[in-house]
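First the structure, in the form of structure tokens, and then the observations on it.
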């Protein structure tokens, strides 16, 4: 018994200090029948505790950040600097009445928030949070992530349909159109990484970025032309997938009230909110893993390596969250036709061209070019910039010069 | 080129974000219960009754004429006249209100009661924190909640109060002058009557001085 307690704390220390297989010592002290179950529990609990907590902190950071971007103070009443606001909000949500419309399909209406939350939580199970810190390291980790991630669309349509409300249905239909349109660029932009690494295993993708460039800089995919373009394409598609401004058309408070969330209140609404933010974290974490070197520090210096790897991952996650908040504070909502045009006329061709460039990058490795690696970098970057310019120009509204016949 | 506008917008929001931490003048928020901005002199929110002197009941300018009650658009004023009269600022006997209630929840701060009052008795207050936990009695302001001194009026609306005081002083001076003239006339008439009475003491048919119309 005492051995178990000691091993429990040893396990926590091992997890915090990035050691290999922290659970083994603790599990060995237990009855072999319980070991798999305890192992599962030990993997799930931190995810179920930390990420909802991060959701709470993100809501308050988002409100304060948006406030500052608009020269306001933001919430500052509950707790120190208002940071306990999310606790108050959560309690408020819990105590609210749960209203189900009389005409609603009660079962679907009840299930919908869970259909959103469960796949999102499943997606967290394959992400590598640190060196030796990944709940399930499966071969098709990336495939699994996208497979469960696309199940969230079902929840949006379930919520919209079961509410028996025209705004709900409109929001759900907009949501489905948007999510399916942006699923494609999301997957295709991630595909470049799979091409280069040659594996769908997420830990292997991170390891592939651990080589060093000049000056000890880690070879994150972000530092290659296709990785740079791919990261931003991924970011845009991820913003659309997680229904955030400027792609919050499914919710669109000012047009269709809150879209598929119109008929949701109380805790079910909170679950939807939670699911949406957890989806944002999951897709940010995937973006970090694919392009920003996962849990690797930016430079291969020993003193940076002394910082626990999961802390680097956390810092990158916060940076991504801040970027999403920044975008939300800056851009207004797109129109539905602009959204569709952007997805099919810009995002899709750009991701396809990015795949070609990634191929070029892959096969030009052995070419004998005058300036070596730099020339390869410049050729790929110029090709991508040219494509960006052409597709970007096609997207600009073409306004004829207005002529006045009588008012000159 | 696509994205240049987005970059410009991101720059602007970033400048706001960091600027709001370094530059205090960017944050215009007044954190209300702790801080409040000084009110403008013309601020008006809810009527109050003005009294002169120290005793509110004695100095109340209101004469219960009920003009404000009749003119009030949402009908939030309720007045009952008292049977006992009291002297006003010129010393003339006037009716006074026994009950004077204004319902806060009905009043729309239109200031019409102030415009129509011929006695400068009802004025607008700048007190705006009238919320209460008691929605029946707490929202009904009684006569003794409503009366406030002329000094208070001077404090909240100095220009307006000075003008009102000047007007009242003029009226009072006029009334005093008139009273003086009347008193002189009365004294003169009394003296004449006395002289007449002295001149003709033998004529009992002469009416007594008290019945002289000048003295009434």
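Chains as they are written, first to last, in my numbering: chain E, 21 to 428; chain G, 890 to 1105.
Think of the CB as a built atom: it goes at the ideal place given N, C-alpha and C, for glycine as much as any other residue.
Between the segment 154-164 of chain E and the segment 94-114 of chain E, the count of C-beta pairs closer than 8 angstroms stays below three; the two stretches do not touch. Nearest Cα to residue 205 of chain E within the set E:252, E:274 and E:223: E:252.
Beta bridge pairing from DSSP links residue 1030 of chain G with G:991. Residue environment for residue 389 of chain E: exposed (fewer than 16 other C-beta atoms within 10 angstroms of its C-beta). When the Cα atoms are used, residue 414 of chain E and residue 136 of chain E turn out to be separated by approximately 36 angstroms.
Taking a C-beta distance under 7 angstroms as the contact criterion, residue 1002 of chain G and residue 961 of chain G qualify as a contact pair. Residue pairing by DSSP places residue 1014 of chain G opposite G:935 in a beta bridge. Shown here, residue 131 of chain E sits in a helix according to DSSP, grouped into three states.
The beta-carbon distance between residue 1011 of chain G and residue 938 of chain G, rounded to whole angstroms, is 6 angstroms. This is short enough to meet the 8 angstroms contact definition. At least one CB atom of chain G sits nearer than 7 angstroms to the CB of residue 350 of chain E. Excluding its 5 nearest sequence neighbours in each direction, residue 79 of chain E has C-beta neighbours in its own chain below 6 angstroms: 106, listed in chain order. Taking C-beta atoms as the reference points, residue 1042 of chain G and residue 934 of chain G fail to come closer than 7 angstroms.
With 16 or more neighbouring CB atoms inside 10 Å of its own CB, residue 977 of chain G falls in the buried class. For residue 917 of chain G, the chain E residues whose Cβ falls inside 8 angstroms of its Cβ are 91, in order along the chain.
The way I'd put it, the segment 295-308 of chain E does touch the segment 117-137 of chain E; three or more beta-carbon pairs between them come closer than 8 angstroms. In this structure, the straight-line span from the alpha carbon of residue 76 of chain E to that of residue 906 of chain G is close to 21 angstroms. Of the candidates G:896, G:911, G:987 and G:1039, the residue whose Cα lies closest to the Cα of residue 943 of chain G is G:1039.
About 7 angstroms separates the beta carbon of residue 203 of chain E from that of residue 261 of chain E, a gap short enough to meet the 8 angstroms contact definition.
At a Cβ-Cβ threshold of 7 angstroms, residue 188 of chain E and residue 289 of chain E do not count as neighbours. With respect to the C-alpha of residue 1031 of chain G, the residue from G:1062, G:1020, G:992 and G:1051 having the closest C-alpha is G:992.
Rounded to the nearest whole angstrom, the C-alpha separation of residue 133 of chain E and residue 395 of chain E is 51 angstroms. Across the structure, residue 895 of chain G and residue 266 of chain E are spaced so that their CA atoms are roughly 11 angstroms apart. Shown here for residue 62 of chain E: same chain residues with a beta carbon closer than 6 angstroms to its own, the five before and five after excluded, namely 43 in chain order. By the C-beta density criterion, residue 213 of chain E is buried, having at least 16 other C-beta atoms within 10 angstroms.
Using a CB distance below 8 angstroms, no part of the segment 222-240 of chain E faces chain G.
Against chain E, a Cβ distance below 7 angstroms from residue 938 of chain G picks out nothing, because the smallest value is about 38 angstroms.
At a cut-off of 7 angstroms, the C-beta of residue 905 of chain G has a neighbouring C-beta in chain E. Of all residues in the segment 324-356 of chain E, only 346, 347, 349, 350 and 351 place a beta-carbon less than 8 angstroms from a beta-carbon of chain G.
Contact between residue 201 of chain E and residue 363 of chain E holds, with the beta-carbon distance rounding to 4 angstroms and staying under 8 angstroms.
In the displayed model, residue 232 of chain E falls within a strand according to three-state DSSP. Residue-level contact check: residue 898 of chain G touches chain E, since one or more beta carbons of chain E fall below 7 angstroms from its beta carbon.
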